[in-house]
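Inspection log for the structure reproduced underneath, given as structure tokens.
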Amino acid sequence: MVGCTCRWLWWFGLAAAAAVIGGASGGDVTYDRRSLIIDGQRKLLFSGSIHYPRSTPDMWPSLISKAKEGGLDSIDTYVFWNLHEPQPGQYDFSGRRDIVRFIKEVQAQGLYVCLRIGPFITGEWSYGGIPFWLHDVPNIIFRSDNEPYKFYMQNFTTKIVNMLKSEKLYASQGGPIILSQIENEYQNVEKKFREKGPPYVLWAAKMAVGLKTGVPWVMCKQDDAPDPVINACNGLRCAETFVGPNSPKKPAIWTENWTHFYDIYGNTTRIRAAEDIAYQVALFIVKMNGSFINYYMAYVYYGDKGKCAAFLVNTDAGNPAEVKYVVGTNEHYKRCIGLSMVYCQVKNYKKKRTDYSYQQSKDSRSVITVKSLGHALRTFVNGELIGSGHGVYRNPGFTLENTVALNREVNSISLLSNMVGLPNSGAYMEHRTAGLQTVSVRQNQAIEDLTNYQWGYQVGLLGERLRIYAEEGSNKVKWSNFDSSSRPLKWYKTKFDTPKGADPVALNLGSMGKGEAWVNGQSLGRYWISFLTPAGNSSQTWYHIPRSFLKSRDNLLVLFEEETGNPLGISVDTVSVTKYSVLTARAGKRARLKFIQAFPLKAQAQPMGRINARFLGRTKDLEGTRVQEFRKIC
-10 MVGCTCRWLW
0 WFGLAAAAAV
10 IGGASGGDVT
20 YDRRSLIIDG
30 QRKLLFSGSI
40 HYPRSTPDMW
50 PSLISKAKEG
60 GLDSIDTYVF
70 WNLHEPQPGQ
80 YDFSGRRDIV
90 RFIKEVQAQG
100 LYVCLRIGPF
110 ITGEWSYGGI
120 PFWLHDVPNI
130 IFRSDNEPYK
140 FYMQNFTTKI
150 VNMLKSEKLY
160 ASQGGPIILS
170 QIENEYQNVE
180 KKFREKGPPY
190 VLWAAKMAVG
200 LKTGVPWVMC
210 KQDDAPDPVI
220 NACNGLRCAE
230 TFVGPNSPKK
240 PAIWTENWTH
250 FYDIYGNTTR
260 IRAAEDIAYQ
270 VALFIVKMNG
280 SFINYYMAYV
290 YYGDKGKCAA
300 FLVNTDAGNP
310 AEVKYVVGTN
320 EHYKRCIGLS
330 MVYCQVKNYK
340 KKRTDYSYQQ
350 SKDSRSVITV
360 KSLGHALRTF
370 VNGELIGSGH
380 GVYRNPGFTL
390 ENTVALNREV
400 NSISLLSNMV
410 GLPNSGAYME
420 HRTAGLQTVS
430 VRQNQAIEDL
440 TNYQWGYQVG
450 LLGERLRIYA
460 EEGSNKVKWS
470 NFDSSSRPLK
480 WYKTKFDTPK
490 GADPVALNLG
500 SMGKGEAWVN
510 GQSLGRYWIS
520 FLTPAGNSSQ
530 TWYHIPRSFL
540 KSRDNLLVLF
550 EEETGNPLGI
560 SVDTVSVTKY
570 SVLTARAGKR
580 ARLKFIQAFP
590 LKAQAQPMGR
600 INARFLGRTK
610 DLEGTRVQEF
620 RKIC
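Under our numbering, the first residue of the sequence shown is numbered -10, with each subsequent residue one higher.
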């Protein structure tokens, strides 16, 4: 979820109306127009999305338990192709990628699983889950009747299905998986592929069914999904927008009930009313004969507004219920910095896991105009930053124009172009580009186009290649003592101890600008505090650090700050929720739906004060290719 300000969102509605679920293991799964049928019993199922790589394995049991306590019957997750196959034929199912462990935990807690293999998923995930190496396959066209793409898609889908079969995780084998999904929201782009679209849909459905999982397959937002694949709805109001099952033999399934709008850098946060969610669920059941509703998402992260949103239901129709939130001990901590997000592979000129690329030229002219396809750009002349700019989510392209006094002799122009993830949806993604488009210099009325001049390239940051964000790499380079100079492009590092207790740890980065961070060698992702909303607020300032990322003492934090953020303003917060009671209508009285709009969070923050931070500056001579000694920018 790139650029997302997230919250705990437990969405539980109409649980009292759901069919009783005994156990979520094993059984014959079929369907008719009314519902899914498991072991001969009709099921009205409420599901919630918990994406396994968006949390850590030690968090999974608690998240799943909370979902079950809230009345959910099933857990829904995508399968993330670019996480599991980072290189052709090389698979990784370790750590947060351990999908088998995740599904077994769901099974152990007595819930079903809806497995959305895709393998294109959208998912607010870089490249929609497609591995970037697929871009380099000759003659490939993603998501079309294209033999190279179908070859790799079938290979991965088969790999996942066979692995889960070997673990006996499908309901037909006694496991919890009752539904699988192939492709995702293809109807949105199908017409753009013209005659290559419909055959691809037929092929994908036939390929999936041929894997013989013993459970039904669905296609989301695909009204013409071929039998026996079920066409399902994604959206805010599927009771009003869904055309319904395309066969009288298929049930109405809502695979994504969008409970919240994902946040975008620079955009105002939009929150969907709980009343609207509850009404649409009820309407879907009554009007569409709906029998499977999945809340997308059931869990994301803590937010940064000092509040936590929660929507609860009492499954005991006859008695009031009290929900207690226990406030733990909060302490002040010293020397603590941190961040959290997901580090994503980014498209650039070479196969690199980086957001950044330098382009360099020498010229002796002046007003420099750079047109970029996105996402952000910084222009340097003779080593000095003269301007920066960026696009926006819906229109990433922009033009950056700066006036500069050039030297009489040779001048060096350096352009740092960076992306904020790859596109996650759309047609012909393999042909979509970003980065520099044209470069020109105007002096008086004369304009000279520098686009086709001889430029040098440096893809990625030297610090990334040397892995200075990890302990071993950090110890091999020379760091300078921290000072308050306001030059951009700095690496910072510090050590900090882990806060005591079990409360979630959140890092307040409100004093920083734009960059990326690592803790103990693990990339925690991007932050962009300086990209303000129309109201003048940052899209996100707090970032969750999973405790499993931390050691008890001496955790290494490394930041790459693109702008001029002040690390002395960073604080570490531990968060807990105060006690609230929720009462529902007693039996015999008219029920009235009430919602708690927000819980105030109790946070303890300790300003950094005197920080043992060190930094280093650019490590490459912008006029050459020789790597120089690390030094600070001053």
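From the three backbone atoms N, C-alpha and C, an ideal C-beta is built for every residue, glycine too.
Quantities reported herein were computed from a predicted structural model and do not represent experimental measurements.
Checklist entry - What did DSSP end up calling V302 once you bin it into helix, strand or coil? => result By one-based count along the sequence shown, residue 302 stands at place 313. Residue placement at V302 is flagged as unreliable, the pLDDT there being 35, under the threshold of 50; a coordinate-derived value is accordingly withheld.
Checklist entry - What did DSSP end up calling T258 once you bin it into helix, strand or coil? => result In the sequence shown, the residue the question calls residue 258 occupies position 269. Note: T258 maps to coil in three-state DSSP.
Next on the checklist: To the nearest angstrom, how far is the alpha carbon of K185 from that of T202?
Outcome noted: Mapped onto the sequence shown, residue 185 falls at position 196. Mapped onto the sequence shown, residue 202 falls at position 213. In a straight line, the C-alpha of K185 is about 27 Å away from that of T202.
Checklist entry - When DSSP builds the beta bridges, which residues end up paired with W122? => result Taking the sequence shown and counting its residues from 1, one reaches residue 122 at position 133. DSSP output for W122 lists no bridge partner at all.
Next on the checklist: Using only the alpha-carbon positions, how far apart do G449 and R456 sit?
Outcome noted: Start at 1 with the first residue of the sequence shown, and residue 449 comes out as number 460. Start at 1 with the first residue of the sequence shown, and residue 456 comes out as number 467. When rounded, the distance between both Cα atoms is 12 Å.
Checklist entry - Near E390, which residues of its chain fall below 6 Å by C-beta distance, leaving aside the five closest residues on each side in sequence? => result The count along the sequence shown starts at 1 and reaches residue 390 at position 401. T358, listed in sequence order.
Checklist entry - Comparing alpha-carbon positions, which option in V207, I534, A214, P205 lies nearest Y189? => result Numbered from 1 along the sequence shown, position 200 holds the residue referred to as residue 189. For the options V207, I534, A214, P205, the alpha carbon positioned closest to that of Y189 is the one of A214.
Next on the checklist: Can you look up M208 in the DSSP assignment and give me helix, strand or coil?
Outcome noted: Here residue 208 refers to the residue found at position 219 of the sequence shown. Strand.
Checklist entry - On the premise that I106 lies in contact with I659, defined as a C-beta separation below 8 Å, what is that separation, rounded to the nearest angstrom? => result Here the chain covers residues -10 to 623 and nothing more, so residue 659 does not appear.
Next on the checklist: Tell me the rounded alpha-carbon separation between R90 and F273.
Outcome noted: As a first step, residue 90 is located in the sequence shown; it is residue number 101 there, counting from the start. As a first step, residue 273 is located in the sequence shown; it is residue number 284 there, counting from the start. Rounded to the nearest whole angstrom, the CA to CA distance from R90 to F273 is 33 Å.
Item to check | Cβ contact check for the stretch 512 to 522 and the stretch 469 to 476: 3 or more pairs under 8 Å | outcome: The stretch 512 to 522, when compared against the stretch 469 to 476, does not touch it at the 8 Å Cβ threshold.
Item to check | Q30 burial status per 10 Å Cβ neighbour count (16 or more: buried) | outcome: The residue labelled residue 30 in the question sits at position 41 within the sequence shown. Exposed, since its Cβ has fewer than 16 Cβ neighbours within 10 Å.
Item to check | Given Y442 as reference, the closest of V428, Y254, G452 once Cα atoms are compared | outcome: Indexing the sequence shown from 1 puts residue 442 at position 453. Looking from the CA of Y442, the closest CA among V428, Y254, G452 belongs to V428.
Next on the checklist: The alpha helix (DSSP H) that contains E136, what's its start and end?
Outcome noted: Taking the first residue of the sequence shown as position 1, residue 136 is located at position 147. In the DSSP assignment, E136 falls within the unbroken alpha helix (DSSP H) covering 136 to 155.
Item to check | Extent of the continuous alpha helix (DSSP H) to which I266 belongs | outcome: Looking up residue 266 in the sequence shown gives position 277. Unbroken alpha helix (DSSP H) run through I266: 263 to 276.
Item to check | Reference L362; option with closest CA among E113, L548, F387, G255 | outcome: Here residue 362 refers to the residue found at position 373 of the sequence shown. Looking at E113, L548, F387, G255, the one whose alpha-carbon comes closest to that of L362 is F387.
Next on the checklist: Does I436 pass the burial test, meaning 16 or more other C-beta atoms within 10 Å, or should it be called exposed?
Outcome noted: Within the sequence shown, numbered from 1, the residue matching residue 436 stands at position 447. It counts as exposed.
Next on the checklist: Since E505 and F538 should fall inside the 8 Å C-beta cutoff, what is the C-beta to C-beta distance between them, to a whole number of angstroms?
Outcome noted: Reading the sequence shown from its first residue, position 516 is the one you call residue 505. Reading the sequence shown from its first residue, position 549 is the one you call residue 538. Contact doesn't hold; Cβ gap of about 15 Å is too wide.
Checklist entry - Is D252 near S528, with beta carbons less than 8 Å apart? => result Position 263 of the sequence shown, counted from the start, is the residue given in the question as residue 252. Position 539 of the sequence shown, counted from the start, is the residue given in the question as residue 528. A contact, by the Cβ cut-off of 8 Å.
Item to check | Neighbour-count burial assignment, G380, 16 or more Cβ in a 10 Å radius | outcome: Numbered from 1 along the sequence shown, position 391 holds the residue referred to as residue 380. By the Cβ-count criterion, G380 is buried, with 16 or more other Cβ atoms from all chains shown falling within 10 Å of its own Cβ.
Next on the checklist: Give me, in chain order, the residues of the same chain whose beta-carbon lies closer than 7 Å to that of V393; leave out the 5 immediate sequence neighbours on both sides.
Outcome noted: Numbered from 1 along the sequence shown, position 404 holds the residue referred to as residue 393. Cβ within range, chain order: S355, I357, V370, I375.
Next on the checklist: Starting from I27, trace the beta strand (DSSP E) in both directions and tell me its first and last residue.
Outcome noted: For the purposes of this step, residue 27 is taken as residue 38 along the sequence shown, with counting starting at 1. From DSSP, the beta strand (DSSP E) with I27 extends over 25 to 27.
Next on the checklist: Quick check on S570: buried or exposed, where buried means 16 or more other Cβ atoms within 10 Å of its Cβ?
Outcome noted: The residue given as residue 570 occupies position 581 in the sequence shown. Unreliable placement is indicated for S570, whose pLDDT of 36 sits below 50; no coordinate value is reported for it.
Next on the checklist: For T19 and S161, what's the separation of their Cα atoms in angstroms?
Outcome noted: Numbered from 1 along the sequence shown, position 30 holds the residue referred to as residue 19. Numbered from 1 along the sequence shown, position 172 holds the residue referred to as residue 161. C-alpha of T19 to C-alpha of S161: approximately 10 Å in a straight line.
Checklist entry - By Cβ distance, which residues of its chain are closer than 7 Å to M48, with the 5 residues on each side in sequence left out? => result Along the sequence shown, one-based indexing puts residue 48 at 59. Excluding residues within five positions, the ones whose Cβ falls inside 7 Å are P535.
Checklist entry - Excluding five sequence neighbours on each side, which residues of the same chain lie with their C-beta closer than 7 Å to the C-beta of S24? => result For the purposes of this step, residue 24 is taken as the residue at position 35 of the sequence shown. Result list for S24: R31, K32, L33, P240, S280, in chain order.
Item to check | Identity of the residues DSSP links to W192 by a beta bridge | outcome: Position 203 of the sequence shown holds residue 192. Answer by DSSP bridge pairing: none, since W192 is not bridged.
Checklist entry - DSSP state of Q170, grouped into three classes? => result What you label residue 170 is simply residue 181 of the sequence shown in a count that begins at 1. In the structure shown, the three-state DSSP call for Q170 is strand.
Item to check | Close Cβ partners of A416 (< 6 Å) along its chain, the five nearest in sequence each way excluded | outcome: Looking up residue 416 in the sequence shown gives position 427. Annotation for A416: V178, K181 place their beta carbon closer than 6 Å to its own, counting only its chain and skipping 5 residues before and after.
Checklist entry - Three-state secondary structure (DSSP) at N396? => result As a working mapping, residue 396 is identified with position 407 in the sequence shown. In the structure shown, N396 sits in coil (DSSP, three-state: anything other than H, G, I, E or B).
Next on the checklist: Excluding the 5 residues flanking E74 on each side, which residues of the same chain have their C-beta closer than 7 Å to its C-beta?
Outcome noted: Sequence index remark: in the sequence shown, residue 74 carries index 85 (1-based). Result list for E74: Y80, P120, F145, in chain order.
Checklist entry - According to DSSP, is W70 helix, strand or coil? => result The residue labelled residue 70 in the question sits at position 81 within the sequence shown. DSSP, reduced to helix, strand and coil, places W70 within a helical segment of the structure shown.
Checklist entry - Going along the chain, which residues of its own chain have a beta-carbon closer than 7 Å to the beta-carbon of F250, five neighbours each way excluded? => result Here residue 250 refers to the residue found at position 261 of the sequence shown. These residues qualify, in order along the chain: R259, R261.
Checklist entry - Do you know whose CA, among Y254, M142, W206, K276, lies nearest P77's CA? => result One-based indexing of the sequence shown puts residue 77 at position 88. Comparing Cα-Cα distances from P77 to each of Y254, M142, W206, K276, the minimum goes to M142.
Item to check | Runs of alpha helix (DSSP H) wholly within the stretch 24 to 64 (minimum 4 residues, chain order) | outcome: For the stretch 24 to 64, whole alpha helix (DSSP H) runs of length 4 or above, ordered along the chain, are 49 to 58.
Checklist entry - Can you tell which of G452, G16, P493 has the C-alpha that lies nearest to the C-alpha of K157? => result Numbered from its first residue, the sequence shown carries residue 157 at position 168. The residue with the shortest Cα to Cα distance from K157 is G16.
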